[in-house]
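The structure under discussion appears below in the form of structure tokens.
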Amino acid sequence: MANFEVGNVVQLRSGGPKMTVVGEPRKGVYTTDSEVIVIWFDDKENKFKYDTFIAAILERV
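In structure tokens form, the structure reads like this:
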């Protein structure tokens, strides 16, 4: 599993938008895997969005 830091640009391993890590990885609430907080710009809705993903499904780009 990759170690992510604030400022890293990541993407889901399955594809999707490029996202920026904005929160330090932390232990998940409902899982033992690390979770990472990211933000990205949604062109369709013309706004920024953020979410939390399990680190194992992300990769640096």
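According to the numbering used here, the sequence shown is numbered sequentially starting from 2.
Where is the CB? At the ideal position from N, CA and C, for every residue including glycine.
Roughly how many whole angstroms lie between the Cα atoms of glutamate 36 and serine 15?
Answer to the nearest angstrom: the Cα atoms are 17 Å apart.
To which residues of the same chain is glutamate 25 closer than 7 Å at the C-beta, ignoring the five residues directly before and after it?
Answer for glutamate 25: Val7, listed in chain order.
To the nearest angstrom, how far is the alpha carbon of leucine 59 from that of asparagine 4?
Cα to Cα, leucine 59 sits roughly 10 Å from asparagine 4.
Where do the N-terminal and C-terminal ends of the beta strand (DSSP E) with valine 23 fall, by residue?
It spans 20-28 - the beta strand (DSSP E) in which valine 23 sits, taken as one unbroken run.
Can you name the residues that DSSP bridges to valine 37?
According to DSSP, valine 37 bridges with Phe54.
Quick check on the DSSP output: the beta strand (DSSP E) that includes glutamate 64 runs from which residue to which?
No information on residue 64 is available, as it lies outside the stretch 2 to 62 that the chain covers here.
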